[in-house]
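Numbering (the numbering used here), first residue to last: 7 to 157.
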């Protein structure tokens, strides 16, 4: 279990003219919205330093890190990740890249929340691209946000 639960925490970081929004949906499930450039972020360094698994459409940008190549994900893909985490319990980070789209967003997030509760020592990150302006910040933190309603 994580030492400190950040569930419900919302944070905004402005870097290089871009804004990223972080929201902890569960203690170990982090939703990241905004331009998430993996070449300049700390994500790659974190993935290399820890046993990590990345679900992405573009595996070339994650050289040297264990990747699963997918264009879209569904509930059955959560079962696949669950099986991998049972077989290899030393994984500590699972990242869903912004290039991967969920087939049914509501069902996928519900299944993702269930797996985060089962594997409390694994951090799950879901990244998505959005335009970064004041309107997107209001939309992300509003109660009408699809992601917020889905869980």
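Ideal placement from N, C-alpha and C gives every residue a C-beta, glycine not left out.
So what does DSSP say about residue i, is it helix, strand or coil?
| i | result |
| --- | --- |
| residue 38 | strand |
| residue 126 | coil |
| residue 15 | coil |
| residue 54 | helix |
| residue 158 | The first residue shown for the chain is 7 and the last is 157, placing residue 158 beyond what the model contains. |
| residue 31 | strand |
| residue 20 | strand |
Compute the beta-carbon to beta-carbon distance between residue i and residue j, rounded to the nearest angstrom, for a pair I have assumed lies under 8 Å.
| i | j | result |
| --- | --- | --- |
| residue 99 | residue 58 | 4 Å |
| residue 133 | residue 103 | 6 Å |
| residue 97 | residue 128 | 6 Å |
| residue 85 | residue 61 | Their Cβ separation, rounded to whole angstroms, is 13 Å, which puts residue 85 and residue 61 out of contact at 8 Å. |
| residue 35 | residue 130 | 5 Å |
For residue i and residue j, what's the separation of their Cα atoms in angstroms?
| i | j | result |
| --- | --- | --- |
| residue 20 | residue 105 | 22 Å |
| residue 17 | residue 107 | 23 Å |
| residue 112 | residue 13 | 19 Å |
| residue 33 | residue 110 | 23 Å |
| residue 23 | residue 50 | 20 Å |
| residue 72 | residue 115 | 23 Å |
| residue 63 | residue 74 | 8 Å |
| residue 95 | residue 88 | 10 Å |
| residue 53 | residue 117 | 23 Å |
### Message
Would you call the stretch 23 to 42 in contact with the stretch 81 to 94, where contact means no fewer than 3 C-beta pairs closer than 8 Å?
### Response
Counting Cβ pairs under 8 Å, fewer than three are found: no touch.
### Message
Give the list of continuous alpha helix (DSSP H) stretches no shorter than 4 residues that lie fully inside the stretch 78 to 124.
### Response
DSSP runs (the alpha helix (DSSP H)) wholly in the stretch 78 to 124: 81 to 93 and 111 to 124.
### Message
Contact between the stretch 21 to 38 and the stretch 62 to 70 is defined here as three or more beta-carbon pairs at a separation below 8 Å; is this criterion met?
### Response
Counting Cβ pairs under 8 Å, fewer than three are found: no touch.
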